[in-house]
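Undergrad: Below: one structure in structure tokens.
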Amino acid sequence: MRDSMHRSWALALSALFAVAACRPHPTVSPAAAAAPAGAPSSDATRVAFPDGWRFRAGAPATEAEHAMVVSNSRLASEAGVEILKAGGNAVDAAVATGFALAVTYPTAGNIGGGGFMNIHMADGRSMTLDYREVAPIAASRNMYLDENGKLTRKSTVGYLASGVPGSVAGMSEALHKYGTMTLAQVMAPAIRLAEEGFVVDSQFSRGIEGGRRAITPFEGKALFFPGDSAVRVGTRLVQPDLARTLKMIAADGPKAFYEGPIADSLVADEQRGGGIITKEDLRRYKPEWRTPIKANYRGYTLLAMPPSSSGGITMTEAMNILENFAPLPPAGSVAYIHLLTESFRRAFIDRNTKLGDPAFVTNPVAELTSKAYAKKLAAQIDLHHASKTPTFATKAEGMNTTHYSVADAMGNAVATTTTLNGGYGSGVWVRGAGFFMNNEMDDFASEPGKPNMYGLVQGEANAIAPGKRMLSAMDPTIVLDPQGRLLMVTGAAGGPTIITATMQVILNVIEQHMDLADAMRAPRIHHQSLPDTLRYEAKGMTQATIDSLKAMGHAVAQNRGGLANVNSILRVGSVWHGVNEPRSVGGAVGY
Ligand code: DON
């Protein structure tokens, strides 16, 4: 079966390249293309991006001998490195970075949201922590439908949009189990940044301006829009309310947030604004330790997030499908884009219909991640024609989640993705406590069968229920090389594009033999089954490639802006390479 698939694949490849009428890109040297997936460093392939593509190939990564932190805020990465230099491990540094992001990257960094942490210790232990928000006790299946059964905006804006936040409980739990320092120690940089402030740069100011619609109807307006303009470049942003909140957490632990004075402020605010989160909701919140989804892809091990995130299962399913085609066609070629698309399509069909919070639904994990199932799906791929799924209008994502990667001198690694969902979440800024609340309730299928803010069409498994976690796409991932050694720490922001972008960066390294900087800069594509549209980045494909894909039956559309926001670390020999997302802001900082 597999052999015959390879033979038909080889035949189809030549046909596809003829259709493309241009050289596929990036070009891959014959030696590299023939090599088994392997060491990405010394034999890294020279890459040629399409003409006019926004990034040039061959840029350097940040290199460090001991440890590396990569996040969407340089100040937050520096906070992590400060903790590492003070003797902390990767978990200490990840928690320090997480709290610092809540101060310096408030569009997504948070204490009012939730996230997922993937930890791999140097001694081989691997675990994930799910600190996803849960639906409040008073939530109900149709709470976002009006009296005519039409979907309202209440799952995205304002008080009703928030799930019960998990970030403070999650970060504290991770630190308690696998860190070596106290909350007060690892939160010191975040407290300093909130109390003493930091100088606003153009990117921060633009980000706040971009959040005007979300922020200005609520209490955060005074701080972030003094005199009605977004905080100006060059001014120092001091956040006294947030500093006080962080100090209470540092001193009294998560209890301060879930039962103490911060809970009081949060619930008072909810009551003022018509929200439904209660003291009981906060008191009940618990993060969950879970076993990672473990995929084997041509000898590499991918450790990824299990439900309540769909990230690990969806990525594993798509990777398993691709594994049936060897060697993969060169990155950027029509043949490669077609295969990626068809594997994404199939994995997302399952994702959108079968997955949900494991406390409420049975996820068919074993089946969806099995090689036999992937083989069946791979055999259904027509190498010349796109499969079809019905279309819906598409919506573009913001870049409003944030992923950060940490590797320390001992070889421990932490991949964390955290979010408020939309930029600045629901817009609600808790009065007196100084932080934004999430609008994660929109990640439920508010109306099963209808698209959410990411155009994702999902089913009953992800319908709203009290205490239930909404299905996520977040996919913090750790890759081990065929010898079982830590190779990559990666993950992304970008709603469903998280899964497809993370996978493409990993494939660029282990299959396409790119170094990390090129792997991150290479053009990306996205397909999520519905809407049935293959999205690409402006100038990320030549017209000839687009024409060929259309001729195969793909609906091809240019994405508004870049696809996803990835922050990655790669081990190259004994050196860490770090690259923050070139499409966004941030910093890779090591020592
Ligand atoms: O959990 C999820 O899948 C979404 N709440 C992630 C949202 C996101 O990535 C938004 N921005 N880029």
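Residue numbering for the sequence shown follows the numbering used here, beginning at -13 and increasing consecutively.
No residue lacks a Cβ here, since even glycine has one placed at the ideal position from N, Cα and C.
The structure displayed is predicted, hence computed values, not measured ones.
Between Ala372 and chain C, is the shortest Cβ-Cβ distance under 8 Å, so that the two count as touching?
TA: Considering every chain present, this structure includes no chain C. It has just one protein chain.
Undergrad: What number of angstroms, rounded off, separates the C-alpha of Thr405 from the C-alpha of Arg284?
TA: Those two C-alpha atoms are separated by around 32 Å.
Undergrad: Consult DSSP for Arg230 and reduce its assignment to one of helix, strand or coil.
TA: Residue state, collapsed to three classes: helix.
Undergrad: With Arg365 as the anchor, note down where its alpha helix (DSSP H) starts and where it stops.
TA: A small fix is needed here, since residue 365 is Ala in this sequence, not Arg. Its alpha helix (DSSP H) spans residues Lys357 to Ala365.
Undergrad: Is Ile299 near the ligand DON, judged by its Cβ being under 7 Å from some heavy atom?
TA: Because no heavy atom of the ligand DON lies under 7 Å away, the Cβ of Ile299 does not count as near it: no.
Undergrad: Between Glu49 and the ligand DON, is there a pair consisting of the residue's CB and a ligand heavy atom that are separated by less than 7 Å?
TA: Because no heavy atom of the ligand DON lies under 7 Å away, the Cβ of Glu49 does not count as near it: no.
Undergrad: Using 8 Å as the Cβ pair cut-off and three pairs as the minimum, do the segment 313 to 326 and the segment 418 to 434 touch?
TA: The answer is no - the segment 418 to 434 does not touch the segment 313 to 326, with fewer than three Cβ pairs under 8 Å.
Undergrad: What are the boundary residues of the alpha helix (DSSP H) that includes Met506?
TA: Counting along the chain, the alpha helix (DSSP H) containing Met506 begins and ends at Leu502 to Arg507.
Undergrad: Between Ala147 and Ser141, is the Cβ-Cβ spacing less than 8 Å?
TA: Closer than 8 Å, so yes.
Undergrad: Tell me whether Ala321 counts as near the ligand DON, meaning its Cβ is closer than 7 Å to at least one heavy atom of that ligand.
TA: It does not: the Cβ of Ala321 is nowhere closer than 7 Å to a heavy atom of the ligand DON.
Undergrad: For Tyr244, which three-state DSSP category applies?
TA: Residue state, collapsed to three classes: helix.
Undergrad: So, do the segment 248 to 259 and the segment 285 to 300 have three or more beta carbon pairs nearer to each other than 8 Å?
TA: Judged by Cβ distances under 8 Å, the segment 248 to 259 makes no contact with the segment 285 to 300, as fewer than three pairs qualify.
Undergrad: Pick helix, strand or coil for Val575, following the three-state DSSP scheme.
TA: Looking at Val575 - three-state DSSP - the assignment turns out to be strand.
Undergrad: Report the residue from His389, Val542, Phe204 and Ala372 whose alpha carbon sits nearest the alpha carbon of Gly411.
TA: When only C-alpha atoms are compared, the closest one is Phe204.
Undergrad: Looking only at its own chain, which residues have a Cβ that is under 6 Å from the Cβ of Ala216, when we skip the five neighbours before and after it?
TA: For Ala216, where only same-chain residues beyond five positions count, the Cβ hits under 6 Å are Ser191, Ile194 and Glu195.
Undergrad: Shorter than 7 Å, the distance from the beta carbon of Asn407 to the closest heavy atom of the ligand DON, or not?
TA: Yes, since a heavy atom of the ligand DON falls inside the 7 Å radius drawn around the Cβ of Asn407.
Undergrad: Please report the distance separating the alpha-carbon of Thr519 from that of Pro316.
TA: Straight-line Cα distance between these residues: approximately 22 Å.
Undergrad: How close, in whole Å, do the beta carbons of Gln225 and Val416 come, if the pair is a contact with beta carbons under 8 Å?
TA: That belief does not hold up - the Cβ atoms of Gln225 and Val416 are roughly 12 Å apart, past 8 Å.
Undergrad: Is the closest heavy atom of the ligand DON to the C-beta of Ser391 under 7 Å?
TA: For the ligand DON, not one heavy atom lies less than 7 Å from the Cβ of Ser391.
Undergrad: To the nearest angstrom, report how far apart His512 and Gly342 are at their CA atoms.
TA: Approximately 22 Å, taken between the alpha carbons.
Undergrad: What's the C-alpha gap between Leu87 and Ser356?
TA: Going by the C-alpha atoms only, they are around 37 Å apart.
Undergrad: Measuring only the C-alpha atoms, how far is Arg(-12) from Asn310?
TA: Caution applies to Arg(-12), whose pLDDT of 34 falls short of 50 and renders its modelled position unreliable; the model cannot decide the point.
Undergrad: What do you reckon, is the C-beta of Met460 under 7 Å from a heavy atom of the ligand DON?
TA: Yes, the beta carbon of Met460 sits closer than 7 Å to at least one heavy atom of the ligand DON.
Undergrad: Please report the distance separating the alpha-carbon of Val143 from that of Tyr130.
TA: Taking the straight line joining both Cα atoms gives about 11 Å.
Undergrad: Taking 8 Å as the cut-off, decide whether the C-beta atoms of Ala399 and Pro46 are in contact.
TA: Not in contact: Ala399 and Pro46 (Cβ atoms no closer than 8 Å).
Undergrad: Do you know offhand how far Phe211's Cα is from Thr402's?
TA: If I take the Cα positions, the gap works out to 30 Å.
Undergrad: I need the straight-line Cα distance from Leu369 to Glu353, nearest angstrom please.
TA: In a straight line, the C-alpha of Leu369 is about 24 Å away from that of Glu353.
Undergrad: Inspect the CB distances between the segment 103 to 121 and the segment 55 to 74 and report whether three or more fall short of 8 Å.
TA: As far as the Cβ criterion goes, the segment 103 to 121 does not touch the segment 55 to 74, which means the pair count is below three.
Undergrad: Go ahead and label Lys163 buried or exposed: buried means 16 or more other beta carbons lie within 10 angstroms of its beta carbon, across all protein chains shown.
TA: Answer is exposed; the Cβ neighbour count stays below 16.
Undergrad: Classify Ser188 as buried or exposed, calling it buried when 16 or more other Cβ atoms lie within 10 Å of its own Cβ.
TA: Per the 10 Å Cβ criterion, exposed.
Undergrad: Where does Thr83 land, buried or exposed, given buried means 16+ other C-beta within 10 angstroms?
TA: Flag for Thr83 reads buried.
Undergrad: State buried or exposed for Glu328, treating a residue as buried only when at least 16 other CB atoms are found within 10 Å of its CB.
TA: Under this definition Glu328 is a buried residue.
Undergrad: For Lys265, which of helix, strand or coil comes out of DSSP?
TA: In this structure, Lys265 counts as helix in the three-state DSSP scheme.
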